[in-house]
Structures are given as C-alpha cells and as structure tokens.
Amino acid sequence: MKPASLLIFFTILSTFCFCQNAEKIAALQKQIAEEKTDTSKVMLLIKLFDEYKEVDSTKAMQAANDAASLGHSIGFKKGESMALINKGVFLNLNGENDEAEKAINQSLQIRKSSGDYAGQGYCLRSLGNIYYDKNDYSAALQYYLSAAPLFQKANDIKGLSGNYIWIGNVFNEGLRQFDKAVQYFTKSLDLARQINDSNLVSYNYNNLGQAYYNAKNYSEALHYYNLSKTIKELRHDNRGVANAYSNISSVYFDLKKYDSALYFNEISLKTRTDLNDKKGMATSFQNGANIFLLTSKYDKALDYYQKAINIGEEIDFKDPVIESYNGLSKYYEAKGDEKSALFFYKKYKALNDSVYNSDISNQINTLETKYQSAKKQELIQEQQFELTKKQYWIYGASALALLIFLLSISYYRRNKLKHEKKMQLALMRQQDMATKAVMEAEENERKRIASDLHDGVGQMMSVAKMNLSAFEEEIDFKDVNQKNSFEKVIGLIDESCKEIRSVSHQMMPNALLKSGLASAIKEFIDQIDSRVLKVSLYTEGLNEKIDTNTETVLYRVVQECVNNVLKHSGANHLDISMIKDTDGISVSIEDNGKGFDTSIKQNFEGIGLKNITSRITYLKGTIEFDSTPGKGTLVAIHIPAPQ
C-alpha cells in the first residue's frame, strides 16, 4: 500500500473507531442511567472507562473515579479494586507515576483482604510496570517474580503469559540479553495461543519484533511488527497501532530509509497526540528529531528535541530525554557550536550513566539470582508442556489400536477398576483409621502421663515438702551448714514441682482443652524466655472451635518446630502465623537462624521432622521447608478445609 493510501486508510480507520466508541459510549450512558442495581452500575462504569480511555482522558478518569467511589460506598470490593487498578494503569500510561502507584496499591490491599491470588498478581505486575518505565529494572523484576507464583496458584494462564512478557522485557531492555528475551516472549506466545487471546498474541509479536530489532535482525523485526499491527487494527486498538507504526519507523530509520521512517513516525505521533499518550508523544518527538537531523532539517530537529525533553521531564520518562540530549549534541556539532555540543554531550553521558551503568554488575547479579530462584517452577511448567506434546504424538499414533483394544475388554476393565477402587478406598479407610488410632493412643498416653505427673508425682513432691517443713522447728539453725542444706533441699523440691507442672502442661496444655488452638500456642510461647528467643504470633480466623484432631496435630507440629528452632537454629527471632479461611488453615513458621541445605536428604532423616511430616500427611495437608545456609528457615503448612 502506498504512503498516501495508507494515510487515508489510517484516517478512515481512526474515524470509524471514534464513531464506534461514540455509539458504545452513548449506549453505556443510557444503561447506567437506567440501571437499578449498584453493583451492575459499577461494572458498567468500568466498561465506560474502557471506551473513554481511547478518546477522552478526562472523562475516562471520571468514569474510573465514579466506579471506585460507588464500589467503596456499597462494599463491592471486587468492583472497587478493578476500577482502582484500571485507573492506576491509565495514570501510568499518561506519566502520573506517583498517583498511579497509590491507586494500584489500594487495589492490591483489597485483593489481599479477599484472598484473590490472580488479582494480587495483576496489581504486582502493574507496580512493576511503573518501575520498568522509570528504568529501575531491578525493582520491576522483583514485582514480576512476586506475581508469577500467584498467577500459577490461581491457574491464571492469561496472567502468567502477560508476566512472561514483562520478564522478557527486562532481559530485552534492561539486561540486553536478547536470546533470553526471545525465550520468554515465545513462552508467553505459546500460552496466549493456548487460550486464543489475540490481544496477548499481538503484544508478543510486538515484543519479539523489539528483541529482533535490538539484535539488529531487521527482517524478523519488521515481520513481527506487521503481525502485531494487523491484529491491533482488527481490535481497533489505536494506542497499539500507533506503537506498531513507531516501531516500524525505527526499523526504516536504522535501514537509512528516512522518508519511510518519517512517514510512519508522523502517523504514530498524530495518533498519540489525539490519545494524549505522553510517553508515546515523547518517543515520537525524539525519533522524529533524529530523522530531521540526519536529513539536515535542523530547525525541525531542534523543535522536536525540545518537545521530547519537555514531555519526558514532565512525566519522569528518561529514555527520550537521554536520547534527545545526545541528539542535541550532534545538532550543535553540525551547526558548528562546539561549546553547546559539548554541554549537551556531558548531560547525555551523566544521565545515561546514572540510568544504565550505576553498579550494573551488582544489578545483573541480583536479577540473575532472582531469575534462578523462579526457574524451578518454570522448569516444571516447561516439562509439563513437553510431556503434553509427547503425549499428543503417542495418542495420535496409537489411537486406532487403543480403540479396538478398549472395545474388546471394556466390560472386563470396568468391573476390575470398580473392584480395585473399592479395595483402594477400603485400604485408605483402614490406613486412616490406623493412623488415627495411633495418634489417639499417643495423645491418650500423653494425657495419662501428664495426669500421673500432675496428680501423682506432683502430689507426692508436695507432701514431701510438707513433711520436710515439719522438721524445720527441730533443726538447729544456729548451725549454718544445716540451715543451708535444708534450704537447698526445699529449693530442689520447689524446682521439681515446677518442672513436673511444666512438663504435664506441655504434654496436654489446659488452654488447648479449654480455649482452643490459638490460646494453647500463645500459652506455650509465653513460657519461652524472650531474651533467648523473641517469638511473634499472629492468628486469624481461629476464634471458632475446630476439629479436635486438627487442633492437637497442629499444636504438636508447632511445638516440635519451635523446639527445633531453640535446639538447632541459633535464631533470636521467630515469626508464627496461623490463618484459617475458606480454603483451610495456613501456618508459617519463620526464623532468622543459621538455616540448612534442603537439597541434602540427611537433613530430613531426623525423628522430629519425620513426625512433623507424618502428622501433616495424616490431615491430608502439605508441608514445605524453605531454607538456605545463613538465611534462616521457613516452614509453610496448609491443611485443607474438610470436604
């Protein structure tokens, strides 16, 4: 398509999109006016924001604020959170970073309070985007890596795909490791195709184009940029189309085809100006200035550089400012003004070094360490993908033979499987009963021993003390040795009584019998000398009585973990968190001790850890140990809610 025809087409497309938006906006405004249900009105306001954001920034912000305010006033937390994150993302696109971070953090707190893992992931990723735009790649990657397990826990493939995009962007733009960037973009593209999400597919095409562009593979870059542009045009995504034209312009610029580069850049600039996309405008002005400089249109170059710097400084967007300083240095050099050329070159070097070269080796090492820590989960995902592919091939090759085989023996196998299932269920019931019997016997024996210690030995020690006290008047206390010996015996009996009482309470704490798990744990840790180990306890949702077996098992597990910390860790601080919600009970026990290597099998051979694991397994729960030498230990336990 010729440039003139393309410009006409793009103008018609923009007009068409505007008309479509106007129709949708009018329809939504009518629905909002007629809607009686407040929760539905919140969701309609969010849709209105989506329509306005492409044509009117002010009205878009008003719709987002109205949705958040109404959601808050009626207690519709999900709607309020959606409106806040949409507002934050939009503010960031327009360069209002501080207000964007504030809105997204408000949304994050709501998602945390409701236990919405996927929602937390989107909020963390959006916060990462703010720092990515500030060129703080280390902080951005921290947010992206924190979001990834939340998307996996929620089984949100779309969210995980988007997260891979941003991790790939860090390797592409921040670390300049283009091969790794392509790997992440490709993984994201596979997931996007799996869920048939054309928007995510277009983003991945665009990012693959950027990675190949940075690697100077211009043919591949153009190929992927055009694929992205085609999808965004079909989706009427004006912001995305403008971005695609800007990227295509950059390729033609590097290929020294300046007429084409300027043409595509001007189309991008016009659209970004219409959308009030300040980041895009700053980039387009800076790119256009470079083209004018190389084609000796110096007045236009100077004008565009100044506009790029003004907008970039206004919204704290450093990339176009840095490149414009470099361009102005070359501009004044071409004009023969060596003093001004040197001035802007120094400004360019100073700002560029502060962004890209400040302790860069430490930054890369930090990012690589975090990347490796997340790699285990990613490896599991990759293995699952590979296994699925292999299974498809196996199933396809053997489908006919398998079908014939299944038809011939289906009746026999059906009955056999039913029988095996019954046997398996019976065996599981027997195993559960046996385990329960062992644990009940153990607890009963603890109760008996505790009772014997308290009521038997304890009483005898008390009687012994009384009998000794009876001799107090008969002893000649003028003899200092006799007096000291008598006081030592009485002191030993007192200490023995305290020890017997302490042991009996640990074996079966009164708080567990009377007030429940939280009180029992608190009573237990109150006995620990805070000068030796300071313990912080947080409980939530444990006010209601829970199953006795679950209470007892969790008490024993926490007791064993605390004793292990006291004996082995050398820690001086311990955090215990116990939260009960609709999913079950989650317990985390984290110390700041010396830690251990979890990859060494012998570290898990002790009786204490085996007892902890077997008790949690009995409750159908899971337990994970996260520890590194010198970094402390985290024990994470989850007991599912009874079905």
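Following this note's numbering, the numbering of the sequence shown begins with 3 at its first residue and continues without gaps.
Using N, Cα and C, we set each Cβ at its ideal position, and we do this for glycine too.
On a predicted model such as this, the values are computed, not experimentally measured, just so you know.
DSSP places Asp68 in the uninterrupted alpha helix (DSSP H) bounded by Ser59 to Ser75.
For the 8 Å CB-CB criterion, Phe51 and Ala62 form a contact. Linking Tyr139 to Lys272 through their CA atoms gives a straight-line distance of about 30 Å. Leaving aside the five residues that flank Glu98 on each side, the residues in its chain whose CB is nearer than 8 Å to its CB run, in chain order, Ile317. Taking the Cα positions, Tyr146 is about 15 Å away from Asp158.
Secondary structure at Ala217: coil, using DSSP grouped into helix, strand and coil. Sixteen is the threshold: when 16 or more other Cβ atoms of the shown chains lie within 10 Å of the Cβ of Pro322, as they do, the residue is buried. Annotated three-state conformation of Glu56 is coil, per DSSP.
Beta-bridge analysis with DSSP links Val589 to Met580 and Ile639.
Your pair Phe266 and Asn216 does not check out as a contact, with CB atoms roughly 19 Å apart and the cut at 8 Å. For Arg533, the closest of Phe606, Met580 and His575 by C-alpha to C-alpha distance is His575.
Between Thr297 and the set Arg274, Lys332, Thr275 and Lys309, the nearest pair of CA atoms involves Lys332. Residue environment: Ala65 is assigned as buried (16 or more neighbouring CB atoms within 10 Å of its CB, all protein chains considered). Between the alpha carbons of His421 and Leu427 lies a distance of about 10 Å.
Between Pro642 and Asp585, the CB-CB gap stays under 8 Å. Rounded to whole angstroms, the gap between the alpha carbons of Glu101 and Leu93 is 7 Å. For Arg416, the number of other beta carbons within 10 angstroms of its own is below 16, and it is reported as exposed. Take the alpha-carbon of Asp279 and the one of Tyr300: they are about 26 Å apart. Taking C-beta atoms under 8 Å as the contact rule, Gly211 and Tyr227 qualify, at a distance of about 4 Å. For Ile625, the secondary structure class from DSSP, reduced to helix, strand or coil, is strand.
In the displayed model, Glu542 falls within a strand according to three-state DSSP. Annotated three-state conformation of His238 is coil, per DSSP. Taking C-beta atoms under 8 Å as the contact rule, Ile48 and Ala28 fail to qualify, at a distance of about 17 Å. Partner residues in the beta bridge of Val537, as assigned by DSSP, are Leu576. Non-local C-beta neighbours of Tyr134 in its own chain, meaning closer than 6 Å and more than five positions away in sequence, comprise Ala142, ordered along the chain. Boundaries of the alpha helix (DSSP H) around Asn171: Ile159 to Asn171.
Pairing Gly164 with Arg127 gives a Cβ-Cβ distance under 8 Å. DSSP, read as helix, strand or coil, puts Ser571 in helix. With a contact defined as Cβ atoms closer than 8 Å, Phe153 and Ala120 qualify at about 6 Å. Spanning the alpha carbons of Lys423 and Leu409 requires a straight line of approximately 21 Å. Per DSSP, the continuous alpha helix (DSSP H) segment holding Leu147 begins and ends at Tyr139 to Lys155.
Taking 8 Å as the cut-off, the Cβ atoms of Asn206 and Ala223 do not count as close.
Of the candidates Asp192, Asp531, Arg241 and Tyr327, Asp192 places its Cα closest to the Cα of Glu388. Within the same chain, Cβ atoms closer than 6 Å to the Cβ of Ala149 are found at Gly123, Leu126, Arg127 and Asn165, the five residues on either side in sequence being excluded.
CA-CA distance, Ile396 to Thr188, rounds to 25 Å.
Spatial neighbours of Gln144 in its own chain (CB-CB distance under 6 Å, excluding positions within 5 residues in sequence) are not present.
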